[in-house]
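Numbering (my numbering), first residue to last: 92 to 341.
All C-beta atoms in this analysis are idealised placements derived from N, C-alpha and C, irrespective of residue type, glycine included.
Everything below concerns the one structure shown next.
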């Protein structure tokens, strides 16, 4: 339960048997929920759903997630804290992040918090804080609903508080043991308040995004993620925003 992404070479697996319930996802977008057994020919997984059984080819499986029995046990998360110091310009920086996830068979709730502060002798004190709340629900094959709330403070941008409330849908274009690609779209209500201005801006925006993940499971292992989201304004001419996130772990 404490492991992250794990690659399974099915040619080396004779059988899989569980007494607990799991969600099993395939490359085609099929989802099944129940306890797992292996067929007599060892080529398929048998997912027991009540009195019914669904057979899934082992080679088509791209994800197996444990769905625990109680509310508290379904939560999983991480905390990280870091810092830096540079003598040349007396710069000091602190970074902290928190991430928590709650998973059921059809729903995923995610809470993430990022906070950073920096101070140096030749510039003003800067701070950035971001709180993100996400709910994603499985609709039909490869389609998911999205509901998001995002709150950000960024003194470098003179932003006192940006509040975003979004709703939309995402579609999974591809997923296998090496790649994952999805797109999303929807509408956003944006409320911005600035530090050195009386400007209080409320606008409606559309959003369109793409998310890509690449994985290498054999040494040297790699886990890379990239996302791009564009927010064109629906109420203000010639205004749009974009966010880009990228990370790689070796």
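* **Spatial neighbours of residue 94 in its chain, beta-carbon cut-off 7 Å, leaving aside the 5 residues before and after** => Note that residue 94 scores a pLDDT of 49, beneath 50, so its modelled location is shaky; the value from the coordinates is reported in the next line. Cβ contact annotation for residue 94 (same chain, cutoff 7 Å, sequence separation greater than five): none.
* To do: Any chance you could list the beta strand (DSSP E) runs of at least 3 consecutive residues sitting entirely within the region 242-269, in chain order?
  => 250-266
* To do: Look at the Cβ atom of residue 324, then the Cβ atom of residue 275, and state whether they are nearer than 8 Å.
  => no
* CA-to-CA distance, residue 101 to residue 254, given in whole angstroms -> 46 Å
* Asked: Along the chain, where does the beta strand (DSSP E) that runs through residue 101 open and close?
  -> The continuous stretches of beta strand (DSSP E) do not include residue 101, and DSSP gives it neither H nor E.
* To do: Thinking residue 151 and residue 119 are a contact (beta carbons under 8 Å), I'd like their distance in whole angstroms, please.
  => 7 Å
* **Rounded Cβ spacing between residue 191 and residue 208 (contact assumed at less than 8 Å)** => Actually they do not touch by this definition, with Cβ atoms about 22 Å apart.
* **Three-way DSSP call (helix, strand, coil) for residue 307 in this model** => strand
* Measure the alpha-carbon distance for residue 117 versus residue 263 and round it to whole angstroms. => 12 Å
* To do: My understanding is that residue 124 touches residue 196, with C-beta atoms under 8 Å, so please give their C-beta distance in whole angstroms.
  => Indeed they touch by this definition, with Cβ atoms about 4 Å apart.
* Spatial distance of residue 302 from residue 189 (CA atoms) -> Between residue 302 and residue 189, the alpha-carbon positions lie close to 21 Å from each other.
* Asked: residue 214 by DSSP, collapsed to three states: which one?
  -> strand
* Separation of residue 165 from residue 174, as counted between CA atoms -> 31 Å
* Asked: Do you know offhand how far residue 291's Cα is from residue 297's?
  -> 20 Å
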